[in-house]
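Written out below as structure tokens is the structure these notes cover.
Protein chains: 2
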Amino acid sequence: MSLSMHVSKMSVRMRGFARYIRLDDALKTILSHVRPVGVETVKFDQALGRVLAEDVVSKVDVPPFDRSAVDGYAVRASDTFRASESKPVRLRMVGSIAIGYPTKLRLRKSEAAKIMTGAPMPTGADAVVMLENTGAVGKKLDVFTSLTPGKNVSTRGEDVEKGDIVLKCGHKLRPQDVGMLGSLSKLYVKVSQSPSVAILATGGELKQPGRKLGKAEITDANSYSLAAAVSNCGGCPKRLGTVRDDKALIKRAILKASRHDMLLLSGGSSVGERDLVPDAIAELGKLLFHGVAIRPGGPTAFGIVKGKPIFALAGFPVASLVAFDMLARPALRAMQGLHADRGYPRVKAKLTRKVSSTLGRADVVRIKLRYASGELLAEPIRITGSSILSSMTDADGFVVVPENMEGFREGAIVEAEIYIPDC
Amino acid sequence: MSLSMHVSKMSVRMRGFARYIRLDDALKTILSHVRPVGVETVKFDQALGRVLAEDVVSKVDVPPFDRSAVDGYAVRASDTFRASESKPVRLRMVGSIAIGYPTKLRLRKSEAAKIMTGAPMPTGADAVVMLENTGAVGKKLDVFTSLTPGKNVSTRGEDVEKGDIVLKCGHKLRPQDVGMLGSLSKLYVKVSQSPSVAILATGGELKQPGRKLGKAEITDANSYSLAAAVSNCGGCPKRLGTVRDDKALIKRAILKASRHDMLLLSGGSSVGERDLVPDAIAELGKLLFHGVAIRPGGPTAFGIVKGKPIFALAGFPVASLVAFDMLARPALRAMQGLHADRGYPRVKAKLTRKVSSTLGRADVVRIKLRYASGELLAEPIRITGSSILSSMTDADGFVVVPENMEGFREGAIVEAEIYIPDC
């Protein structure tokens, strides 16, 4: 190793140590370096959970014709204006209108036609009287109520009019949206591609799940939790296995992985002798920060290699997953055209215990949620080490103590974010 | 048609009309007729979003050995008891411990060994002093702080102990849970099968999306929104197309579909002449109710055919999807071992307008959510007809007005349920 490389390596590390960047600034840096991924076209019935990359503009009216909204009789509203329970109006029945077939029927004054829900309105009719407000006597129909024009008629375009923007670019599609696309005969939609995210775990001590462990070895959990976290926010994870703590190997692996849209490395980002990943990033591209004022997840670095955003996450499972949530998840969402936040549902809840933090650092406190006498309570999880993954499997969500606070008192109403299997 | 069949058919219809069953009672009836689906075994890294069908008991300790939680020096805590910033204790450095390899080092009194985060603790050591609290002078180490036994040591089993129940049966797996399964080397997990749900749309007026519409025809949206809704709560939808309004055809389609775990039919459940689906259910099996005191979605029927739960949903797109949410979704969740509720995240929000309802009927009011000066507001959507699917695509969620209330006043704090693309 040349002296200059050694110096540059030291300075990278020292900078990381000295200046923990604020969470907001870290996010700003990240977001200014990610770009939306490409667009692809998918069939509408395969688009659930995808993010629209176009405004959907209707080319049709829904419904496409005036139709009855109830079972009853199509009438001219004006014929019924004086009708009441005690003084019915008597109309002449002139036909019956079925569903699914156009009708040639024309209603003239004092005429009525039997009609079913969803059947097309006959020409001349402008209202439908419900079955229960009528009495039929042979070809005569008594109407016991007065109707205003349009009553019980579902008019052409009342749901969607041709030219309406029905769903907007950046919207994540839900079941009703998929139904709407069908209803508009919008067979193909443009959606954001799923960002392809390479995941590498570093550390010679890592063994794959199921492998027998040597005396000082541990099982790799990070690459699996990170892969699931990537899927969970719409990304497409590619686990590339583990790499030993060897900078040359790490650099080679990073270069190989840089064809993906984002790279996540776990391990080797703490500020110690094995601080290899940030160094590798600095040597291959640009290291933009190392060390974020959050806990857990402080020893996180971020940079750009071959134009691709690359995160060096801590090796401890909680630290790596929390840092992913706080930093990489908003980026992945932005890359898909979603709002660049964490996107977890938020609820207000009352803390059951005091939570302490440190000024200048954002703390991510895992919590359990429960209802007690109609009140939503958030109970901070006691064991909080970065290595205690059970603190996250036990948790229903988390609360962020912002940098400008030293904690929350017992009983404080806080905003909790909820872990959802898919969201 | 025989007279007795005609009578039975009429009585079915009349009963449906006369007695709208309460939502709670409808749900009770449904849940007493659904059973958990079978169990299957999947690889842990394919299990995100699946529901555990077993308790996961750890067969290992995590971590599997005592290790350092920081970069620093392994020491015997008792050697540091009197150390302070001004009066350091001087120890003898006897080695260095790397990650991933067992160490044969044994610390004796007044000895220290360099150690990295994650490296195994040497025999005799019971604490780690952080780098920044030490000064190294050749083979001598000054320690400027006193340590209690266990300080900065991550002890064997501190995350998970062998025998711990780590994840419980009925839990829907999230990213951290997948990581935990990896960490435990739990390669395969038992999860509930995805209930297979057959979906049939009835009505001769229905055309598939993309097909040219005749004058009185409409595009089928229901079978697509229902299929997406089934996926959205863990089911596996099978769209079986559309069936004409012909009871014999409907009965044949139902029988064919009864190999699935659940059947959803849309259309033909309103109480009119084309009331074919409830009749078909009554003739093939048992019709348990017809008509629920909810809006939209009132004309919903439920029964059992060949042991399988079958829902006759209304033909209007909002009515069918809301009735699915209120009735079929809890059932599908129960079939997977989840809590038999709707499972949407709930938030408290303030109504921006009065909402009126009718005593004795539960109203599902679609809302938009927005923040205004830190307060979450729920704005009821004005257009609410059962046929207006845009009232659901515009909505962020919904509020249920219970049967015993005539509505909510403007400014009332209500509990809103949020539509999430996948949850």
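In order, the protein sequence lines correspond to chains A and B.
183 is the number of the first residue of the first sequence in the numbering used here; add one for each residue after it.
183 is the number of the first residue of the second sequence in the numbering used here; add one for each residue after it.
All residues carry an ideal CB built from backbone N, CA and C; glycine is no exception.
Within-8 Å CB hit, residue i to chain A
| i | result |
| --- | --- |
| aspartate 243 (chain B) | no |
| proline 246 (chain B) | yes |
| methionine 275 (chain B) | no |
| leucine 551 (chain B) | no |
| arginine 197 (chain B) | Note that arginine 197 (chain B) scores 41 on pLDDT, short of 50, meaning its location in the model is unreliable; the coordinates nonetheless yield the value given after this. It does not: the Cβ of arginine 197 (chain B) has no partner Cβ on chain A nearer than 8 Å. |
| asparagine 414 (chain B) | yes |
| glycine 345 (chain B) | no |
| threonine 540 (chain B) | no |
| valine 360 (chain B) | yes |
| lysine 468 (chain B) | no |
| threonine 401 (chain B) | yes |
| valine 342 (chain B) | yes |
| glutamate 387 (chain B) | yes |
| serine 174 (chain B) | Any answer about residue 174 (chain B) is impossible in this case: the structure gives chain B only from 183 up to 605. |
| lysine 210 (chain B) | no |
| histidine 392 (chain B) | Looking at the sequence itself, residue 392 (chain B) is glycine, so the reference to histidine does not match. Chain A contact via Cβ: present. |
| proline 603 (chain B) | yes |
Residue-level contact to chain B via CB, residue i, 8 Å cutoff
| i | result |
| --- | --- |
| aspartate 237 (chain A) | no |
| arginine 356 (chain A) | yes |
| tyrosine 202 (chain A) | no |
| leucine 230 (chain A) | yes |
| glycine 589 (chain A) | no |
| isoleucine 595 (chain A) | no |
| valine 379 (chain A) | no |
| lysine 530 (chain A) | yes |
| proline 331 (chain A) | no |
| asparagine 315 (chain A) | no |
| isoleucine 600 (chain A) | yes |
| valine 348 (chain A) | yes |
| serine 336 (chain A) | yes |
| glutamate 557 (chain A) | no |
| aspartate 227 (chain A) | yes |
| alanine 410 (chain A) | yes |
| alanine 435 (chain A) | no |
| alanine 398 (chain A) | yes |
Residue burial classification, residue i (beta-carbon count within 10 angstroms, cutoff 16)
| i | result |
| --- | --- |
| isoleucine 400 (chain A) | buried |
| proline 377 (chain A) | buried |
| proline 284 (chain A) | exposed |
| glutamate 597 (chain B) | exposed |
| histidine 472 (chain A) | buried |
| leucine 541 (chain B) | exposed |
| histidine 442 (chain B) | buried |
| glycine 593 (chain B) | exposed |
| glutamine 228 (chain B) | exposed |
| aspartate 359 (chain A) | buried |
| leucine 533 (chain A) | buried |
| glycine 364 (chain A) | buried |
| threonine 575 (chain A) | buried |
| phenylalanine 247 (chain B) | buried |
Proximity to residue i [Cα-Cα], best of the options
| i | options | result |
| --- | --- | --- |
| valine 276 (chain A) | A:Gly306, A:Leu558, A:Leu445, A:Ile602 | A:Gly306 |
| serine 214 (chain A) | A:Gly497, A:Gly525, A:Pro491 | A:Pro491 |
| leucine 388 (chain A) | A:Thr424, A:Asp359, A:Ser374 | A:Thr424 |
| leucine 431 (chain B) | B:Leu470, B:Thr384, B:Gly449 | B:Thr384 |
| glycine 317 (chain A) | A:Gly282, A:Leu533, A:Ser266 | A:Ser266 |
| serine 240 (chain B) | B:Glu293, B:Val371, B:Leu329 | B:Val371 |
Beta-bridge partners of residue i, as assigned by DSSP
| i | result |
| --- | --- |
| proline 270 (chain B) | Looking at the DSSP assignment, proline 270 (chain B) forms no beta bridge with any residue, so it has no partner. |
| valine 319 (chain A) | A:Lys322 |
| glycine 485 (chain A) | A:Leu469, A:Ile492 |
| aspartate 402 (chain A) | The partner list for aspartate 402 (chain A) (beta bridge, DSSP) is empty, contrary to what the question assumes. |
| aspartate 545 (chain A) | A:Arg477, A:Val583 |
| lysine 225 (chain B) | B:Tyr370 |
| leucine 395 (chain A) | Paired residue(s): none; leucine 395 (chain A) is not in a bridge. |
Amino acids of chain E, ordered along the chain, whose beta-carbon sits closer than 9 Å to that of residue i
| i | result |
| --- | --- |
| alanine 251 (chain B) | Here the protein chains are A and B, and chain E is not one of them. |
heavy atom of the ligand COA below 7 Å from residue i C-beta
| i | result |
| --- | --- |
| alanine 496 (chain B) | Absence of the ligand COA is noted for the structure shown, with no ligands found whatsoever. |
Practice prompt. Quick one: which residues of the segment 280-302 of chain A get their C-beta closer than 8 Å to a C-beta of chain B? List them in chain order.
Written response: Ile281, Gly282, Tyr283, Pro284, Thr285, Met298, Thr299, Gly300, Ala301, Pro302
Worksheet entry | Residues of the segment 496-523 of chain B with Cβ closer than 7 Å to any Cβ of chain A, in chain order | Gly497, Pro499, Leu503
Practice prompt. Using a Cβ-Cβ cut-off of less than 7 Å, list which residues of the segment 569-586 of chain B approach chain A; keep chain order.
Written response: Ser569, Ile570, Leu571, Ser572, Met574, Thr575
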